[in-house]
Each structure stands twice: as C-alpha cells, then as structure tokens.
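All remarks here apply to the structure that follows.
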Amino acid sequence: MSCVEQMKYKLHLERTSFKEAREYIEKNSDEVYYVDPGYKIFKDYYIIGVPPVAMGVRGNEMLFTYVKPCHGTFVMGIDSEEEIARLRENEKKKIEKSLKKGGLKAKADSGPAPASYGEMWKK
Amino acid sequence: MLVMGCPEVPVQMSMVIYLTHKLKKSGWDVTVAGTDAAVKLLKVADPESYYVQKTVDLDELIGDVVEKKVDFDVCFAFMHSDAGMTYAATFSAISKAKLYAVVFGKNAEALGESIDYPAEKIVAKATHNPNPLKNKIDKVIL
Numbered sequence: 001m002s003c004v005e006q007m008k009y010k011l012h013l014e015r016t017s018f019k020e021a022r023e024y025i026e027k028n029s030d031e032v033y034y035v036d037p038g039y040k041i042f043k044d045y046y047i048i049g050v051p052p053v054a055m056g057v058r059g060n061e062m063l064f065t066y067v068k069p070c071h072g073t074f075v076m077g078i079d080s081e082e083e084i085a086r087l088r089e090n091e092k093k094k095i096e097k098s099l100k101k102g103g104l105k106a107k108a109d110s111g112p113a114p115a116s117y118g119e120m121w122k123k
Numbered sequence: 001m002l003v004m005g006c007p008e009v010p011v012q013m014s015m016v017i018y019l020t021h022k023l024k025k026s027g028w029d030v031t032v033a034g035t036d037a038a039v040k041l042l043k044v045a046d047p048e049s050y051y052v053q054k055t056v057d058l059d060e061l062i063g064d065v066v067e068k069k070v071d072f073d074v075c076f077a078f079m080h081s082d083a084g085m086t087y088a089a090t091f092s093a094i095s096k097a098k099l100y101a102v103v104f105g106k107n108a109e110a111l112g113e114s115i116d117y118p119a120e121k122i123v124a125k126a127t128h129n130p131n132p133l134k135n136k137i138d139k140v141i142l
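Protein chains in written order, with the numbering used here: chain A, 1 to 123; chain B, 1 to 142.
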C-alpha cells in the first residue's frame, strides 16, 4: 500500500478511465501542470499514467491521478504546500531548459548578420 | 519482465505461466510483477516455483525502474482494462525495455486501439479460452 492511502485525502472521481480523470483535473484546477509517468510525490508514490499526465492545484490542494489495477483511476486531492511548490519548481525548470535549448538553436540558426539588404533578401 | 494486470480474467494466469516457461526454455531470465493478489494466485498455482522463480510487487518495481535500480530488455504487459493499459503506458515511458502489450478480455479490440504509445500489440478476444491468445503469443519472435 502506498503512503498516499494513509494520508488525509479527498476522492473527487472514482473508478473511472485515465482519460476522464485527466480531463477532470484539467477542468477543475486553478493551475494545471504536466509531468512524466513515474513522477514521484510524497514519500513513495510514483504517478502511473498515459502521457500527458495532468496534475492540478486548487488552493492548497494538489489534484492527481491514482491508478489501481483492479479498480481503475481515481482523482485524489491532498493538501500539501510542499508538493505544490515542487510542482511549480519542476515546471520552472522545464521552461528554463526549453528556453536554453531554443536559445542555442536560435543562435545556431542565425549565422552571421547580413551585411546589406540584398544579402538579407537572399536568405 | 512480465507485468500482470488485475487477475480477474482467467486467461491471464494461464498465459503468464505458459509464457514464462516458454521464455525460460529460450534462455531468458524471467521476473513476473503483479499486485499482491495476482502474485498470490501465481504462487498457489506453482507451489514449488517450477515455472516462476522471481516475482516482484508491481508498484515497488515501478519505483525501482524510475530510480534506475533495475531495468529489463523485454516487457510483456498483460491488460484487459483501462487501468492495465495505463500501467503499460507507464512502463513504456520509464523503461528502456521493448514493450509488448498483451491485450485480452471482452473489449480487447477497443482497448488495443486505444494504445497510442510505442508497443507491439498482441490482441485476442479471450477470457476463458487461452488458445486465441496463446496462438498470437507463439508468433512473437524474440
């Protein structure tokens, strides 16, 4: 049994499909973040899911999908400022990483600056 | 690696034992993962571990693969429900193993079509009779 089941949680959706659970989180959260399957929350729960795996923030509550092989997918909500902060930090890192990649690519694509208008049109 | 889904459909346990035996005869080192209930069913059916020597809890295995403590060359993920399909998607994302999605049960065809992650699909509408699934598994060349 995962530590999540021993915490104080709310069940927002029960025994549904993963797709419906994802849509619920997307429609009912103030903020939505997407993580990879295997994203770790709390002490020992690794998120099970079909990418893109949505996680939501609603006030102090973090909404996430919880999958049990014989019972389907649940949408759980647990109050955790710490986990919400980690989600936001994770998103920030993802954006910074993509900006760095984009920056390097843009630099590589740009080449030397054109010396004249004619040269610019040739490009 | 063989990943069992919910054990409520009878053909799964039969095919897990069959496939483990077949793979071992071909020289593979096989581990079977499942829920507590699925592993118990397997151990009762094979009390002296003649067919299956290594079993592991499904959620523990996912943690170990994510933490890069373990990985496999090939993964057969058994599924007959949306939850099973979701577990297999997770393995597709976290593991480097070549993934075979073994889809069975009443809604096998629709479930098979819903798989949109990299996996070789083995689909048979089998619930009680394992032969349609066995015949398809026999065609897989490793």
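Backbone N, C-alpha and C fix where the C-beta goes; we use that ideal spot for every residue, glycine too.
For residue i, which residues of its own chain have a beta-carbon under 6 angstroms away from its beta-carbon, when the five flanking residues on both sides are left out?
i: A126 of chain B; result: V11, F104, P132 and L133
i: I48 of chain A; result: V67
i: I62 of chain B; result: none
i: K54 of chain B; result: T31
i: A89 of chain B; result: Y117
i: Y39 of chain A; result: I47
i: K96 of chain B; result: D71
i: D79 of chain A; result: N60 and E61
i: Y154 of chain A; result: With chain A covering 1 to 123 only, the question about residue 154 of chain A has no answer from this structure.
i: E83 of chain A; result: I41 and M62
According to the neighbour-count rule (16 or more other Cβ atoms, all chains shown, within 10 Å of its Cβ), is residue i buried or exposed?
i: R22 of chain A; result: buried
i: H80 of chain B; result: buried
i: P173 of chain B; result: For residue 173 of chain B there is no data in the structure shown, the boundaries of chain B being 1 and 142.
i: T11 of chain A; result: The sequence as given places Leu at residue 11 of chain A; Thr does not occur at that position. Its Cβ having fewer than 16 others within 10 Å, L11 of chain A is exposed.
i: I95 of chain A; result: exposed
i: C3 of chain A; result: exposed
i: A85 of chain A; result: exposed
i: S92 of chain B; result: buried
i: D82 of chain B; result: buried
i: P47 of chain B; result: exposed
i: K123 of chain A; result: At K123 of chain A, the pLDDT of 45 sits below 50, so the modelled position is not reliable; the number obtained from the coordinates is stated separately. Exposed is the call here.
i: L87 of chain A; result: buried
Please return the same chain residues whose Cβ sits closer than 8 angstroms to the Cβ of residue i, not counting the five positions on each side in sequence.
i: E120 of chain B; result: K98, L99, Y100, A101 and V140
i: E20 of chain A; result: L13 and T73
i: H128 of chain B; result: P10 and V11
i: L42 of chain B; result: M4, M13, V16, I17, V32, G34, V52 and T55
i: R15 of chain A; result: H71, G72, T73 and F74
i: P7 of chain B; result: M13, G34, T35, A37, A38 and L41
i: S26 of chain B; result: L142
i: F18 of chain A; result: G49, V50, T65, V67 and T73
Please tell me whether residue i and residue j are closer than 8 angstroms, where the distance is taken between their beta carbons.
i: M55 of chain A; j: Y33 of chain A; result: yes
i: D36 of chain A; j: V53 of chain A; result: yes
i: L19 of chain B; j: F72 of chain B; result: no
i: M4 of chain B; j: A45 of chain B; result: no
i: I17 of chain B; j: V52 of chain B; result: yes
i: N128 of chain A; j: E81 of chain A; result: Outside the shown range of chain A (1 to 123) lies residue 128 of chain A, about which nothing can therefore be said.
i: Y87 of chain B; j: P69 of chain A; result: yes
i: D57 of chain B; j: D29 of chain B; result: no
i: K106 of chain B; j: A124 of chain B; result: no
Excluding the 5 residues preceding and the 5 following residue i in the sequence, name in chain order all residues of the same chain whose CB lies nearer than 7 angstroms to its CB.
i: F64 of chain A; result: I41, I47, M55 and M76
i: S29 of chain A; result: G56, V57, R58 and L63
i: M85 of chain B; result: M79, L111, S114 and I115
i: D59 of chain B; result: none
i: Y45 of chain A; result: S2, C3 and V4
i: L212 of chain B; result: Because chain B here runs from 1 to 142, residue 212 of chain B falls outside it and cannot be looked at.
Which whole runs of the beta strand (DSSP E) in the segment 3-80 of chain B are 3 residues long or more, in chain order?
31-34, 54-57 and 74-79
Residues of the segment 27-52 of chain A in Cβ contact with chain B at a cutoff of 9 angstroms, in chain order, please.
D36, P37, G38, Y39, K40, D44, Y45, Y46, I47, I48, G49, V50 and P51
Quick one, which residues of the segment 3-25 of chain B are near chain A if we go by CB-CB under 9 angstroms, in chain order?
M4, G5, C6, P7 and E8
Please name the residues in the segment 88-104 of chain B whose beta-carbon is closer than 7 angstroms to at least one beta-carbon of chain A, in chain order.
A89, T90, A93 and I94
For the segment 66-86 of chain A, enumerate the residues whose C-beta is nearer than 9 angstroms to any C-beta of chain B, in chain order.
V67, K68, P69, C70, H71, G72 and T73
Alpha helix (DSSP H) runs contained entirely in the segment 10-56 of chain A, provided each spans 4 or more residues
18-28
Give, in chain order, every residue of the segment 63-78 of chain B whose Cβ lies closer than 8 angstroms to some Cβ of chain A.
G63, V65 and V66
Taking only beta carbons into account, state which residues of the segment 53-65 of chain A come closer than 7 angstroms to chain B, listed in chain order.
none
For the segment 30-41 of chain B, which residues have a CB atom closer than 7 angstroms to at least one CB atom of chain A, in sequence order?
T35
Quick check on the DSSP output: what are the complete alpha helix (DSSP H) runs of length 4 or more inside the segment 79-141 of chain B, in order along the chain?
82-94, 108-113 and 131-138
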